[in-house]
Amino acid sequence: MRPTPSRRATATGALIAAAALLAVGMQGGAATAAPEGTTAAPAAAVKGADPGALPAKLSPAQRAELLRVANSTKAATAEELGLGATEKLVVRDVVKDVDGTTHTRYERTLDGLPVLGGDLVVAESKSGTTEGVTKASKATGAQLKAVGTTADVAPATAEKQALTAARAEGSKSTEASKAPRKVVWAASGTPQLAYETVVGGLQHDGTPNELHVITDASSGAKLYEWQAIENGTGNTQYNGQVTLGTSGSSGSYNLTDTARGNHRTYNLNRGTSGTGTLFSGADDVWGNGSASNLETAAADAHYGAAETWDFFKNVMGRSGIRGDGVGAYSRVHYGNNYVNAFWSDSCFCMTYGDGSGNLKPLTSLDVAAHEMTHGVTSNTAGLVYSGESGGLNEATSDIFAAGVEFYSNTAQDPGDYLVGEKIDINGDGTPLRYMDKPSQDGASKDYWYSGIGSVDVHYSSGPANHFFYLLSEGSGAKTVNGVSYNSPTSDGLPVTGIGRDKALQIWFKALTTKFTSTTNYAAARTGTLAVAGELYGTTSTEYAAVAHAWAGIAVGSRPGGGDPDPGGTVFQNTTVKALADRSTTNIPVVVSGVTGNAPSDLSVAVNITHTYRGDLVLDLVAPDGTAYRLKNSSSSDSADNVVATYTVNASSEVANGTWNLKVQDAYSGDTGTFNSVKLTF
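Numbered by my numbering, the letters in the sequence shown go through residues 907 to 1587 in order.
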């Protein structure tokens, strides 16, 4: 049975030649009623999952009806959430669970200005009760109201600054693709008035440029930037002979897949702009398996698009990248010797170069799936292509690329946990990325650490890829489909996998219902744990496995006292318990068999999942009632979760007896889950 949730009161991607698949940028009539989608996607009913918590398989018409309803009630939703009179909600996406729960994703405006980083997801039960809200920013209503709408610097100043930033990164033929627009920037802390300028032209390697630059409207200083171009019967080069969806009849065929949203594949013929020419021919045979035949790359790209479409529809219940049943399109033979591939929101398309010497087109199945997944991420969580969210964006594309490869499972390209192993970008036959131990590529990181947000997103994706592998397969040495893996953990402790199907389902549901534009690693842990709880329950093997896999990459601690023994005698409570809003919860720990008093350095290890840790006050209460403060509440501490070890001088206390971890939820609007507390005497 699905656990009752807590009540709440309230661009693109490219494949870079140097070493990695790139990620995404921040995105910025009546319909006839359709029957509710009440059936999970056929392959999505993962064994053991609560059927009601699985995503419903929605037709484009059913999704359109959900969007219509959300638009008709968005003013009431804004009022319920306590938004100010000048704040408006803009409906962006809606997904639905089989039990009728809807997850509506909104963007916000303030006085008509877009609030970048103001996106949020509202979960609502079938009866219409708001069950939870996930926000990209912890900014308060008062902070938003304090933002003025009069700029001190002119738009031309912002444009000049943006062009300078682009040129400093090696961009060519730079120009603002449109006039700077005034926005409220809320993704980095306190909201402030700013300009957003989009710079066009070309990047240093010939990839189209869509650099978004945020400029302070008061000082003219650069606040932030991200790139919105994300680097990322047919006789194919990489998949052998396959069946393609085409159109036409005898004597006149073309690469239009009418069964998959009219996806089309075009030939740019070494050009770098426009749509190119739709592949067509007198017969319905495409390519000969060799790169010298221009139809071969087209067959690979067309096949990759079809398999990715089928994976998301049949496994995840999503009809097309936007969920609206409309297919994107593919462009092959971009540029000359262009060693890259990318997704672009502006054209809603995938584009592929032919690689070094035009001999290895970047049209392998996992590259195609990677690029199309950037489109899915853009139209769901919208993870900003910078910092930790950028690494998670990249990893999301790698994760579902692996999922598509296993789903397709051709003899020539069976599923694996390697990325780009067919396209030989390194020139020595090695893959572009390794998910079991990302550092094998020489640059990616295996584990999270506090400075990972400053690492290039191509490499900061490593820990999330590693998490997915551990959750799927577990740690240690093993062989899958003939490929040998040996995955370590940050603490040297083992992780037991729950299977790839469950891991994919958990990540997809978190992406579409929990992640926002600013999600970082800690928040990804919170989101995936919440989803595991919805699908399997918070006391399930799957829930614990998610926590163990995150701990295996140094995000959070092991559940149930799985951390290395710090020495001394350990007493703990690992009974998972919901923490209600604006309430106090006592977690008892019974200590016995200890002679004398407690130590002067009593170790108190606390693990709490929470969407706003500044909300919490923590005390350790001794058996005689004496309280030792561990943590104060703080409205400025907007991070997620409490995963920390505190030291208490409890030498005046008798050791034996019942100790309590006292958890007070001080502010309204956020809830969490107690996972464990461990006292070491």
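By construction, the Cβ of each residue, glycine as well, lies at the ideal position given by its N, Cα and C atoms.
For residue i, the three-state DSSP class (helix, strand or coil)
| i | result |
| --- | --- |
| arginine 1120 | A quick correction: the sequence has isoleucine, not arginine, at residue 1120. Of the three classes helix, strand and coil, the one that applies to isoleucine 1120 here is strand, per DSSP. |
| tyrosine 1159 | strand |
| serine 996 | One point to set straight first is that residue 996 is valine, not serine, in the sequence displayed. Note: valine 996 maps to strand in three-state DSSP. |
| aspartate 1304 | helix |
| leucine 1174 | coil |
| phenylalanine 1312 | helix |
| lysine 1483 | strand |
| arginine 1464 | coil |
| threonine 1517 | coil |
| proline 957 | helix |
| threonine 1579 | strand |
| valine 1290 | coil |
| tyrosine 1355 | coil |
| aspartate 1025 | strand |
| proline 1086 | coil |
| glycine 1241 | coil |
| serine 1393 | strand |
| proline 1400 | coil |
| proline 941 | Unreliable placement is indicated for proline 941, whose pLDDT of 41 sits below 50; the coordinate value is still reported in the next sentence. Correct three-state label for proline 941: coil. |
| leucine 1435 | helix |
| valine 1495 | strand |
| glutamine 1133 | strand |
Nearest residue (CA-CA) to residue i, options the options
| i | options | result |
| --- | --- | --- |
| leucine 1289 | Thr1424, Thr1491, Lys1328 | Thr1424 |
| glycine 1261 | Val1273, Ala1052, Ser1083, Thr1121 | Val1273 |
| phenylalanine 1580 | Phe1373, Val1104, Asp1352, Val1512 | Val1512 |
| glycine 1047 | Gly1107, Glu985, Gln1478 | Glu985 |
| lysine 1041 | Thr1501, Lys1032, Thr1056, Leu1022 | Leu1022 |
| arginine 1166 | Gly1462, Ile1358, Ala991, Gly1229 | Gly1229 |
| lysine 1066 | Val997, Ala1438, Thr1103 | Thr1103 |
| arginine 1087 | Ala1064, Lys1219, Gln1109, Leu1069 | Ala1064 |
| glycine 1180 | Pro1394, Asn1555, Pro1114 | Pro1114 |
| serine 1033 | Ser1124, Gln1143, Gly1006 | Gly1006 |
| lysine 1483 | Gly1443, Gly1151, Val1476 | Gly1443 |
| aspartate 1322 | Ser1378, Thr1055, Thr1422, Arg1224 | Ser1378 |
| glutamate 1309 | Gly1297, Ser1295, Ile1329, Met1278 | It is glycine, not glutamate, that sits at residue 1309 in the sequence shown. Comparing Cα positions, the closest option is Met1278. |
| aspartate 1521 | Gly1182, Val1497, Leu1019, Ser1489 | Ser1489 |
| valine 1053 | Asp1122, Gly1226, Lys1420, Gly1281 | Asp1122 |
| serine 1043 | Tyr1518, Val1560, Lys1568, Asp1571 | Tyr1518 |
| leucine 1508 | Thr1491, His1516, Thr1515, Leu1526 | Leu1526 |
| lysine 1592 | Val1500, Thr1214, Asn1220, Thr1015 | With the chain running from 907 to 1587 in the structure shown, residue 1592 is simply not present. |
| valine 1401 | Val1363, Glu1448, Gly1368 | Glu1448 |
| proline 1020 | Val1028, Lys994, Ala1029, Gly1038 | Lys994 |
Limits of the unbroken beta strand (DSSP E) element including residue i
| i | result |
| --- | --- |
| tryptophan 1249 | 1247 to 1250 |
| valine 1476 | 1476 to 1479 |
| glutamate 1379 | It is not in any beta strand (DSSP E) - glutamate 1379 instead sits in the alpha helix (DSSP H) that spans 1368 to 1379. |
| alanine 1052 | Unbroken run through alanine 1052: none, as it is neither H nor E. |
| arginine 1011 | 1008 to 1016 |
| threonine 1551 | 1548 to 1554 |
| tryptophan 1192 | First-last for tryptophan 1192: undefined, no H or E at that position. |
Heavy atom of the ligand SAM within 7 Å of residue i beta-carbon
| i | result |
| --- | --- |
| tyrosine 1209 | Looking for the ligand SAM in the displayed structure turns up nothing, as the structure carries no ligands at all. |
Whole-angstrom distance between residue j and residue i, CA atom to CA atom
| i | j | result |
| --- | --- | --- |
| histidine 1222 | glycine 1195 | Correcting the residue type first, residue 1222 is methionine in the shown sequence and not histidine. Cα-Cα distance, rounded: 31 Å. |
| serine 1292 | phenylalanine 1248 | 17 Å |
| threonine 1316 | valine 975 | 42 Å |
| glycine 1243 | leucine 1524 | The amino acid at residue 1243 is misidentified as glycine; the sequence shows asparagine. Going from the Cα of asparagine 1243 to the Cα of leucine 1524 covers about 59 Å. |
| tryptophan 1413 | serine 1506 | 43 Å |
| glycine 1107 | serine 1083 | 8 Å |
| alanine 1550 | lysine 1584 | 11 Å |
| threonine 918 | alanine 1307 | Because the pLDDT of threonine 918 is 40, which lies under 50, any placement of that residue in the model is unreliable, and the question is left without a value. |
| histidine 1372 | aspartate 1190 | 42 Å |
| alanine 1533 | tryptophan 1565 | 10 Å |
| lysine 1537 | aspartate 1342 | 36 Å |
| valine 952 | alanine 1436 | 17 Å |
| serine 1094 | serine 978 | 31 Å |
| valine 1510 | valine 1554 | 8 Å |
Residue i: first and last residue of the uninterrupted alpha helix (DSSP H) it sits in
| i | result |
| --- | --- |
| proline 966 | 966 to 978 |
| arginine 1073 | 1061 to 1074 |
| lysine 1408 | 1406 to 1419 |
| tyrosine 1449 | 1447 to 1457 |
| methionine 1256 | Unbroken run through methionine 1256 is the beta strand (DSSP E), 1255 to 1259; no alpha helix (DSSP H). |
| serine 1489 | Premise fails: serine 1489 is in no alpha helix (DSSP H) and is neither H nor E. |
| tyrosine 1534 | Tyrosine 1534 -> not in any alpha helix (DSSP H); beta strand (DSSP E) instead, spanning 1533 to 1537. |
| threonine 1279 | 1271 to 1284 |
| tyrosine 1101 | From DSSP, tyrosine 1101 is part of no alpha helix (DSSP H) but of the beta strand (DSSP E) over 1098 to 1105. |
Which ranges does the alpha helix (DSSP H) cover as unbroken runs of at least 4 residues, wholly within the stretch 1211 to 1236, from first to last along the chain?
none
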